[in-house]
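So the sequence lines, in the order shown, correspond to chains H and U.
Just so you know, the first sequence maps onto residues 1 to 360 in the working numbering.
Just so you know, the second sequence maps onto residues 361 to 550 in the working numbering.
Read through the structure below, which is laid out as structure tokens, and then see the notes.
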Amino acid sequence: MEYLMYEQMERYLAGKMVADEKAAFEALLQTDLRLAERLKEHRTLLNTMQQYGQRQELRGKLNAFHTEMETENSSQQTPKWQIFWKRHAQTMAVAASVSLLSVFGTLWSVQQMKEPVKQQTAHYVELRRELDKLKRAQTAIIKDINNTTKPAPRPASVSGTGFALSANGYLVTSSHVVEGADSIMIENTSGAKYKVSEVYRDQVHDLSILKVEDAGFAGFSKLPYTFKTTESDLGEMVYTLGYPREDIVFGEGSLSSTSGFQGDTTAYQISIPLNPGNSGGPLLDDKGNLIGVISGKQAGQEGAAFAIKSAYLLQLISELPLATTLSPVSLPKANTLAGNSRPQQLKKLKDFVFVVKVYN
Amino acid sequence: MKKGLYETDEAIIEGIRFGDDRALAHLYKLHFPMISHFILSNSGTDDEAKDIYQEGVIVFYEKVKSDSLELTCQIKTYLYSVCRRLWLKKLAEKGRFATKMDDAENYLMLEDDVPQQEENERRFGVMEDAMNQLGEPCKTLLEDYYIRMQNMQDITDRFGYTNTDTAKNQKYKCLQRLKKLFFTAYQATV
Chain H
1 MEYLMYEQME
11 RYLAGKMVAD
21 EKAAFEALLQ
31 TDLRLAERLK
41 EHRTLLNTMQ
51 QYGQRQELRG
61 KLNAFHTEME
71 TENSSQQTPK
81 WQIFWKRHAQ
91 TMAVAASVSL
101 LSVFGTLWSV
111 QQMKEPVKQQ
121 TAHYVELRRE
131 LDKLKRAQTA
141 IIKDINNTTK
151 PAPRPASVSG
161 TGFALSANGY
171 LVTSSHVVEG
181 ADSIMIENTS
191 GAKYKVSEVY
201 RDQVHDLSIL
211 KVEDAGFAGF
221 SKLPYTFKTT
231 ESDLGEMVYT
241 LGYPREDIVF
251 GEGSLSSTSG
261 FQGDTTAYQI
271 SIPLNPGNSG
281 GPLLDDKGNL
291 IGVISGKQAG
301 QEGAAFAIKS
311 AYLLQLISEL
321 PLATTLSPVS
331 LPKANTLAGN
341 SRPQQLKKLK
351 DFVFVVKVYN
Chain U
361 MKKGLYETDE
371 AIIEGIRFGD
381 DRALAHLYKL
391 HFPMISHFIL
401 SNSGTDDEAK
411 DIYQEGVIVF
421 YEKVKSDSLE
431 LTCQIKTYLY
441 SVCRRLWLKK
451 LAEKGRFATK
461 MDDAENYLML
471 EDDVPQQEEN
481 ERRFGVMEDA
491 MNQLGEPCKT
501 LLEDYYIRMQ
511 NMQDITDRFG
521 YTNTDTAKNQ
531 KYKCLQRLKK
541 LFFTAYQATV
């Protein structure tokens, strides 16, 4: 029977053979290679089977420990949400940071986009001209080197525009131009130069009355324009003269709104491109009526400038003799500009428009 | 549970070496939370944690049993290292290459212990399949004789064979079948 052969092998493997039987079997193995091969196979099989058995037993034990442990822990079992949390904490952290980032990113970019808008709505720029400080400092140094004995006249720190109100030496300009002035000089294109002083001021409407103080002043010639008492209409052609630089500059446009900055009803909005230095300039209509005084513009928006309505200027002039001891302003009564072409009007007008230089 | 008994690693190893199941149970319960946490935080499930941990414990157990353990660190670190390696391999099999492991512990580079364990696992897997394919009563017969080392006479009585020769003959036939099943499958996977 073949199984006897296997029994023999098993006994050999288990080491149960007595010495001479073992020797005989080993001799047989030497000669019978097929038997040796079988023996090897059988040994592997048996070993595997036994180890497998042990392993199963061990597994069984471990499983028993595991269930035992689980029952022990069941009272203090971690709740479901905690397991869920542990498993997905990383993902959730990433998701949370992405959402936070996008929220703040959006907020930030929205704010960035808003900023220029804010600037557009909020800023009113007064059009007085700050003269170049650096240049001034430099020339002062050079002059200092060249001529130490005689101190040079200090150049003006601010300039604006002003125009004559009457032949007897009254002028008007924006009060922000002459604010904090020690002395004020006016000069026109024909070279006439006078020292003036501020005699009356309306802070609310940003207007200041100036008077020529020079002893040798003989009075202006006859003023060519008149002052309009009523309100002008939307869309009227208007123009101004001013000193945004050293020379007189003409600017033309139309009356684009009967109210000023942020609905201010004391001012007009006009579509004339203006620059610092234009403040205090006259605003005239086609017929040569003075309808306003240039005061400022809106920052970041070209062609939106503002002028105080002439009615407030007239009110100020009428208050002048009551508030001061000065002689009343004799306003011009005849308009010699009406019907003239624009260059003709300007030719007549420009002698009455002055650059106002403020020293402090 | 008598905690005081297995306070140190040495006590545990000694306990396991002398076949004390309580030492093994203590060890098992002591370190499972650590491995469980490791597996769960590296995209594993509770069941996977259990499997990996048991394999790790088996590696340790067999090392202790065969006296080939040269422990240069804590049991905890050893178990962690084994389980870490096993889990990396498992992840690779699943096609998920963990570029970065969320490590809670230090670990050793185990070059020889784990491959041996993997080879054994494979062999035992084949054996288990072969045994299951064998069917009854062959399976129980072989298990009783070779694994539980029962007396041939007892087996004969229990299975209702007329005499031990019949039983031995039956056992032989079963063994032949098992041998065929096992080696075909085993060689195929080598």
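Glycine included, C-beta positions come from ideal geometry on N, C-alpha and C.
Remember, predicted model here, so these are calculated numbers, not experimental data.
Taking every protein chain shown into account, the CB of HIS88 (chain H) has fewer than 16 other CB atoms within 10 angstroms, so this residue is exposed. The beta carbon of GLU72 (chain H) falls within 9 angstroms of a beta carbon belonging to chain U, placing the residue at that interface. Shown here for TYR521 (chain U): same chain residues with a beta carbon closer than 7 angstroms to its own, the five before and five after excluded, namely ALA527 and GLN530 in chain order. Distance from the Cα of VAL353 (chain H) is smallest, within the candidate group H:LEU58, H:LEU165, H:ILE145 and H:LEU13, for H:LEU165. The beta carbon of HIS42 (chain H) falls within 9 angstroms of a beta carbon belonging to chain U, placing the residue at that interface. Look at GLU198 (chain H) here: in three-state DSSP terms it is strand. Here PRO282 (chain H) carries a strand assignment [DSSP, helix/strand/coil]. In this structure, GLY191 (chain H) lies away from THR173 (chain H), with their beta-carbon atoms at least 9 angstroms apart. Listed along chain H, the residues sitting closer than 8 angstroms to TYR506 (chain U) by beta-carbon distance are LEU46, MET49, GLN50 and GLY53. Boundaries around TYR440 (chain U) are those of the alpha helix (DSSP H), 435-453, since no beta strand (DSSP E) includes it. Between ASN335 (chain H) and ASN289 (chain H) a beta carbon distance of about 7 angstroms is seen, short of the 8 angstroms cut, so the two are scored as contacting. Against chain U, the CB of MET69 (chain H) has a partner CB under 9 angstroms away; the residue lies at that interface.
Taking 9 angstroms as the cut-off, the beta carbon of ALA167 (chain H) is found closer than this to the beta carbon of SER221 (chain H).
Going by beta carbons, TYR194 (chain H) and PRO282 (chain H) fall outside the 9 angstroms limit. Under the 9 angstroms criterion on CB atoms, ASN480 (chain U) is classed as interfacial with respect to chain H. GLY251 (chain H) is a Cβ neighbour of GLY242 (chain H), given a cutoff of 9 angstroms.
The CB of ARG483 (chain U) comes closer than 7 angstroms to the CB of THR48 in chain H, given here in chain order. For LEU400 (chain U), the CB contacts under 7 angstroms within the same chain, skipping 5 residues up- and downstream, are ALA409 in chain order.
TRP81 (chain H) and LEU541 (chain U) have their C-alpha atoms spaced approximately 47 angstroms apart. Taking the C-beta atoms as reference points, GLU198 (chain H) is found no nearer than 9 angstroms to SER232 (chain H). Taking 7 angstroms as the upper bound on Cβ-Cβ separation, chain H lies near residues ALA385, TYR388, LYS389, PHE392, LEU400, SER401, LYS410, GLN414, VAL417 and ILE418 of the region 385-419 of chain U. The way I'd put it, the region 95-110 of chain H doesn't touch the region 251-264 of chain H; fewer than three beta-carbon pairs between them come closer than 8 angstroms. By the neighbour-count criterion, in which a residue is buried when 16 or more other Cβ atoms sit within 10 angstroms of its Cβ, PHE84 (chain H) is exposed. Contact with chain H is absent for GLU496 (chain U), since none of that chain's Cβ atoms lies less than 9 angstroms from the residue's Cβ. Apart from sequence neighbours up to five positions away, the residues of its chain that approach GLY180 (chain H) with a beta-carbon distance below 6 angstroms are ASN360, ordered along the chain. Check the Cα spacing between GLY263 (chain H) and each of H:GLN298, H:TYR170, H:GLY277 and H:THR229: the tightest is with H:GLN298. When 8 angstroms is used as the limit between beta carbons, HIS66 (chain H) is near these residues of chain U: TYR388, PHE392, LYS410 and GLN414, in chain order. Chain H has a Cβ within less than 9 angstroms of the Cβ of LYS528 (chain U).
Approximately 7 angstroms separates the beta-carbon atoms of GLN477 (chain U) and GLU415 (chain U); this is inside 8 angstroms, confirming the contact. According to the DSSP assignment, SER175 (chain H) belongs to the alpha helix (DSSP H) that extends over 175-178.
The alpha carbon of HIS386 (chain U) has as its nearest neighbour, out of U:TYR421, U:ILE372 and U:GLY379, the alpha carbon of U:ILE372. GLN8 (chain H) and GLU26 (chain H) have their C-alpha atoms roughly 12 angstroms apart.
Counting other Cβ atoms within 10 Å of its Cβ, ARG483 (chain U) reaches 16 or more and is therefore classed as buried. Note on geometry: alpha-carbon atoms of VAL125 (chain H) and VAL98 (chain H) lie some 43 angstroms from one another. Per DSSP, reduced to three states, the secondary structure at TYR413 (chain U) is helical. For LEU384 (chain U), same chain residues with a beta-carbon under 6 angstroms away, outside a window of 5 residues either side, are ILE376 in chain order.
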